[in-house]
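Start counting the sequence shown at 29; every next residue gets the next number (my numbering).
Glycine included, C-beta positions come from ideal geometry on N, C-alpha and C.
What follows is a set of notes on a single structure, which appears directly below.
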Amino acid sequence: MKPLSPFFLLVPLMILVFFSTNTYSSSTSPALFTEKNEVDTSTSSPAVFTEANEADAYSSSPTLITEENDADTSLSDGTNARIGSGGYTNYSLVLQFTKSLCNFPNYYKRCDSSSKTSLPNRFTIHGLWPNFGWNRKPSPPSPPEKLLISKLLLETVLLNKLYNDWPDAYFVSKNIGGDRAIERKHSVYIWTHEWDDHGVHSDFHAIEYLKETQILFNDLGDIYGEFSLRRLIIQGMINATMASEVLTQKFGVKPLMKCLFNSKGEQHLFEIHFTIRRGDLERLSHSQSPPEGHNCTGHMVRLQI
């Protein structure tokens, strides 16, 4: 057999070189969609919706409901207020008939029987409470302002009004020593409790909080006296629905009247809540007040002295 010509040996080599060259050229073709230029193309595209401009689009949207403007949709008494708006839009000025507590056995605490006769035959102050509605009450400011009794004792005019208008219904000895009669007279414990629990969240400093609460209360006049004048109280009973109507007519706003209930089915008119607008401290109708104006299950309830 004749040996192969060198030409035939070169042909496969030439074919291999030809295909290798074309393969390299195709890898550098501008039409090829590689991972690299796919990224470059998408990031430079004006239509791409990135995380950054997505946030810009939402923040500039006129229909976006933020914490701030959501607070504007709250009810008139602040029951839907948002923490972003300061947590509340109104206060509840709460009055109580202290003898209803003492005439109501086993309610929360016991009254001091020796002091029952000295409690006033009228409604007095329970407190001025920022109305957080369904929101959780925030933690108090840190550090919280304290009610300094030493400063309060210098406010003799205010102090005499507080003795008269803001008594402690319970008068139970706090086991810290001292004469219990002095504890009763000063009612320090209820004032301090109301400040620590509610006042620290208000727009006022401690002494100012007590002053403003007393002024708001004083503006209402003698509510029990009004009921008596209208002959609504008969043998220690009062028509709660008619009483609510009288107050609504007198003040132009509907309050919320609250009863205590015992296991015997007896009801005692205990509290009256007036809504006070935060800022100008004007009275508003209480949005949580039912049509009857009270939470009592019947019209006739006890209001005993």
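No Cβ-Cβ contact shorter than 8 Å links E320 with V122.
In the DSSP annotation of this structure, E183 is not part of any alpha helix (DSSP H), being labelled neither H nor E. With respect to D196, S215 sits close: the two C-beta atoms are nearer than 8 Å. If you look at S230, you'll find it isn't in any alpha helix (DSSP H); DSSP assigns it neither H nor E. Secondary structure of F302 (DSSP, three-state): strand. Under DSSP, C130 shares a beta bridge with no residue.
For E273, the CB contacts under 8 Å within the same chain, skipping 5 residues up- and downstream, are G321 in chain order. Annotation for F125: no beta strand (DSSP E) segment contains it, and DSSP assigns it neither H nor E. Its chain contains N118, Y119, S120, L121, L156, L244, E310, R311, L312 as the residues whose beta carbon lies nearer than 8 Å to that of I304, once the 5 sequence neighbours on both sides are disregarded; these appear in chain order. DSSP, reduced to helix, strand and coil, places V281 outside both helices and strands of the structure shown, so it counts as coil.
The straight-line gap separating the alpha-carbon atoms of P168 and K292 is approximately 39 Å. The closest CA to that of T126, considering only R150, T269, G115, is found on R150. When C-alpha distances from L275 are compared across I262, I266, F255, L288, the shortest belongs to F255. Per the coordinates, the alpha-carbon of L297 lies some 37 Å from the alpha-carbon of S170. The alpha-carbon separation between G307 and G253 amounts to approximately 30 Å.
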